[in-house]
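Novice:
Numbering (my numbering), first residue to last: -12 to 293.
1) As a quick exercise: from 224, 196 and 189, pick the residue whose alpha carbon is nearest that of residue 207.
2) Enumerate in chain order the residues of its own chain whose CB-to-CB distance from residue 298 is below 7 Å, with the five nearest sequence positions on each side excluded.
3) Might you give, ordered along the chain, the residues of its own chain that have their beta carbon closer than 6 Å to the beta carbon of residue 233, omitting 5 neighbours on each side?
4) With residue 295 and residue 184 assumed to form a contact (beta carbons below 8 Å), what rounded beta-carbon distance in angstroms separates them?
5) Quick one: which unbroken beta strand (DSSP E) runs of 3-plus residues sit fully inside the region 208 to 257? Chain order, please.
6) Based on the DSSP output, what are the partners of residue 86 in its beta bridges?
7) Buried or exposed: where does residue 17 fall if 16 or more other Cβ atoms within 10 Å of its Cβ makes it buried?
8) Could you check where the beta strand (DSSP E) with residue 163 kicks off and where it finishes?
9) Just confirm the distance between the C-beta atoms of residue 71 and residue 98, as a whole number of angstroms; I'd bet it's less than 8 Å.
10) Which full runs of the alpha helix (DSSP H) of 4+ residues lie inside the region 9 to 61, going along the chain?
11) Quick check: the region 3 to 11 against the region 109 to 120, are there 3 or more CB pairs under 8 Å?
12) Give me, in chain order, the residues of the same chain whose beta-carbon lies closer than 6 Å to that of residue 51; leave out the 5 immediate sequence neighbours on both sides.
13) Hey, would you say residue 102 sits closer than 9 Å to residue 87, going by beta carbons?
14) When the Cα atoms are used, what is the spatial distance from residue 22 to residue 191?
15) Take the Cβ of residue 96 as the centre, count every other Cβ of all protein chains shown within 10 Å, and call the residue buried at 16 or more, exposed below.
16) Looking only at its chain, what residues have a beta carbon closer than 8 Å to the beta carbon of residue 33, apart from the 5 residues adjacent to it on each side?
17) If you drop the 5 nearest sequence neighbours on each side, which residues of the same chain put their C-beta closer than 8 Å to that of residue 193?
18) Return helix, strand or coil for residue -11, following the three-state DSSP convention.
19) Using beta-carbon positions only, say whether residue 74 and residue 157 come within less than 9 Å of one another.
20) Report back the beta-carbon spacing between residue 252 and residue 213 to the nearest angstrom; my notes put them in contact at under 8 Å.
21) If we call anything under 9 Å between Cβ atoms a contact, is residue 48 one with residue 80?
22) Do you know offhand how far residue 199's Cα is from residue 280's?
23) Of all the options 219, 268, 263 and 267, which has the alpha carbon lying nearest to the alpha carbon of residue 274?
24) Would DSSP call residue 278 helix, strand or coil?
25) Which first and last residues belong to the alpha helix (DSSP H) in which residue 135 is found?
26) Within the same chain, show all residues whose beta-carbon is closer than 7 Å to that of residue 173, passing over the 5 residues directly before and after it, in chain order.
27) Quick one, which of 136, 221, 116 and 145 has its alpha-carbon nearest residue 15's?
28) Based on DSSP bridge pairs, tell me the residues matched to residue 102.
29) When DSSP builds the beta bridges, which residues end up paired with residue 273?
30) At the level of alpha carbons, what is the spacing between residue 254 and residue 263?
31) Using only the alpha-carbon positions, how far apart do residue 180 and residue 40 sit?
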């Protein structure tokens, strides 16, 4: 006698967390549990169905692909990988080999078994519907744990989907190891957040240095050769200030003053001096590093070679 399994997945659309797949045998008693597409059921209904499956001894297999795998191979192939792992899980548990797979959708995951792809299968086939419930409950519980580990994104409420709360968290805090960096909304939110944090850091640096008696000459000065964050006059010196902002701590000074960017800063400074006729002033290059409530001002932090 053949052993058919229904397979479904959840979590293809979120910006964070794994994609999860589940396998459930195609058993006649599933219909009596009230199984349906997991999206149509309330959480309490899904939990009651899982309890009924447990009491009846219905096996289930679960597999997942993490955000790193999603970024590496794309969401479709990562979904197929999660399905492959779910199939291996249930076959290892039961010692049985599936003779046919019922898969929701129109794409064959190529799992080495005869496969029937059914569009809308989670609404038509009880085994697929049961698999969707298993996968959703498993993933929702995982996202609650991730929300506790990474506060500020609302992952326990939005399950990683791009809600306003989640996007605001990305802009304010950047990404976590559980975010899918290949997804465009993640990249856009990170860029917007970096710009916002950079502007806030410049505001703090400006206030700190003006309180110390420096006179602002230019902010975000753009020339043909580069851009300067802040430029001050400090007595007979021109202080060119590079502002660095990070959410996870301040880098060592040697890191702050390394890299090719300083060559662009030097060329932009030469252009600014020519345009504003400031050749009579000596020039120094400062760094202000900001992380959270901490602000460090390093005077004369970098000097051009030669």
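All residues carry an ideal CB built from backbone N, CA and C; glycine is no exception.
Specialist: According to the structure shown:
1) For the purposes of this step, residue 207 is taken as the residue at position 220 of the chain shown. With distances taken between Cα atoms, residue 207 lies closest to 189.
2) Residue 298 lies beyond the residue range present for the chain, which begins at -12 and ends at 293; the question has no answer from this structure.
3) As a first step, residue 233 is located in the chain shown; it is residue number 246 there, counting from the start. Closer than 6 Å at the Cβ level, and outside the excluded window around residue 233, lie 278.
4) This structure gives no information on residue 295, because the portion of the chain shown stretches from -12 to 293.
5) 214 to 221 and 224 to 232
6) Reading the chain shown from its first residue, position 99 is the one you call residue 86. Note: residue 86 sits in no beta bridge, so no partner.
7) Residue mapping note: residue 17 aligns to position 30 of the chain shown, counting from 1. Label assigned to residue 17: buried.
8) Here residue 163 is taken as the residue at index 176 of the chain shown, counted from 1. Here residue 163 belongs to no beta strand (DSSP E), and DSSP marks it neither H nor E.
9) Residue mapping note: residue 71 aligns to position 84 of the chain shown, counting from 1. Residue mapping note: residue 98 aligns to position 111 of the chain shown, counting from 1. Their Cβ separation, rounded to whole angstroms, is 6 Å, which keeps residue 71 and residue 98 in contact under 8 Å.
10) 30 to 42 and 54 to 60
11) yes
12) Translated into positions along the chain shown, residue 51 becomes position 64. Contacts found: 5, 7 and 69.
13) In the chain shown, residue 102 corresponds to position 115, counting from 1. In the chain shown, residue 87 corresponds to position 100, counting from 1. Cβ atoms of residue 102 and residue 87: closer than 9 Å.
14) For the purposes of this step, residue 22 is identified with residue 35 of the chain shown, where counting begins at 1. For the purposes of this step, residue 191 is identified with residue 204 of the chain shown, where counting begins at 1. Their backbone Cα atoms lie some 57 Å apart in a straight line.
15) To locate residue 96, count along the chain shown from 1; it is residue 109. So residue 96 counts as buried.
16) For this step, residue 33 is matched to residue 46 along the chain shown. Cβ within range, chain order: 25, 120, 123 and 124.
17) Here residue 193 is taken as the residue at index 206 of the chain shown, counted from 1. If we look at residue 193 and ignore the five residues flanking it on each side, its Cβ neighbours are 203, 206 and 217.
18) Counting from 1 along the chain shown, the entry for residue -11 is found at position 2. Coil, per DSSP.
19) Here residue 74 refers to the residue found at position 87 when the chain shown is read from its first residue. Here residue 157 refers to the residue found at position 170 when the chain shown is read from its first residue. For residue 74 and residue 157, no; Cβs fall outside 9 Å.
20) Working through the chain shown from its first residue, we reach residue 252 at position 265. Working through the chain shown from its first residue, we reach residue 213 at position 226. Right, the Cβ-Cβ distance comes to about 6 Å (below 8 Å), so this counts as a contact.
21) As a first step, residue 48 is located in the chain shown; it is residue number 61 there, counting from the start. As a first step, residue 80 is located in the chain shown; it is residue number 93 there, counting from the start. Yes. Within cutoff.
22) Numbered from 1 along the chain shown, position 212 holds the residue referred to as residue 199. Numbered from 1 along the chain shown, position 293 holds the residue referred to as residue 280. The alpha-carbon atoms of residue 199 and residue 280 are separated by roughly 18 Å.
23) Position 287 of the chain shown, counted from the start, is the residue given in the question as residue 274. Among 219, 268, 263 and 267, the Cα nearest to that of residue 274 belongs to 219.
24) Here residue 278 refers to the residue found at position 291 of the chain shown. It is a strand residue.
25) Here residue 135 is taken as the residue at index 148 of the chain shown, counted from 1. Residue 135 -> alpha helix (DSSP H) spans 113 to 136.
26) Here residue 173 corresponds to residue number 186 of the chain shown, with the count starting at 1. Here the set comprises 2, 157, 162, 166 and 167.
27) For the purposes of this step, residue 15 is identified with residue 28 of the chain shown, where counting begins at 1. The residue with the shortest Cα to Cα distance from residue 15 is 116.
28) As a first step, residue 102 is located in the chain shown; it is residue number 115 there, counting from the start. Per DSSP, 88.
29) Translated into positions along the chain shown, residue 273 becomes position 286. Bridge partners of residue 273: 228.
30) Within the chain shown, the letter at position 267 stands for residue 254. Within the chain shown, the letter at position 276 stands for residue 263. If I take the Cα positions, the gap works out to 14 Å.
31) In the chain shown, residue 180 corresponds to position 193, counting from 1. In the chain shown, residue 40 corresponds to position 53, counting from 1. If you take the alpha carbons of residue 180 and residue 40, they lie about 45 Å apart.
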